[in-house]
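Input: a single structure, listed below in structure tokens.
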Amino acid sequence: MKKFEVYKNIRKRAVIFGLPISLFALMMVSILASLLVIIFSFSFGIIIGVLVLNSALYIALTQITNNSQIFQMAKAFPKIISNKRNSGIDYEQD
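Residue numbers (the numbering used here): 948 to 1041.
What follows is the structure in structure tokens.
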């Protein structure tokens, strides 16, 4: 019998054009900003520059997605999680 994953786990790995949802949103914001720049500028050089900038951003974001360990500095969770109140008194000897 087939086993299916829970729907929330599927949403965690959702990708659009090879990018996770958050990085895809960043790419769309960049594209919208560049469209505004293109609309209000009449220079051919700026249009080419914006296209190159968006292409470089897309390549950089896909590389970051593929090599996610580059930006992982620390572990996500602490070693010990406790609900005990910290009284500030240290019981260890110096």
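Note that CB positions come from ideal geometry on N, CA and C, so glycine has one too. Model, not experiment: these values are computed from the prediction.
Per the C-alpha coordinates, the member of K1031, V976, N1014 positioned closest to L1000 is V976. In this structure, the beta-carbon distance from L970 to L998 does not fall below 7 angstroms. The alpha-carbon separation between K950 and F964 amounts to approximately 27 angstroms.
In the three-state scheme derived from DSSP, where H, G and I count as helix and E and B as strand, I1036 is classed as coil.
Approximately 6 angstroms separates the beta-carbon atoms of L966 and M974; this is inside 8 angstroms, confirming the contact.
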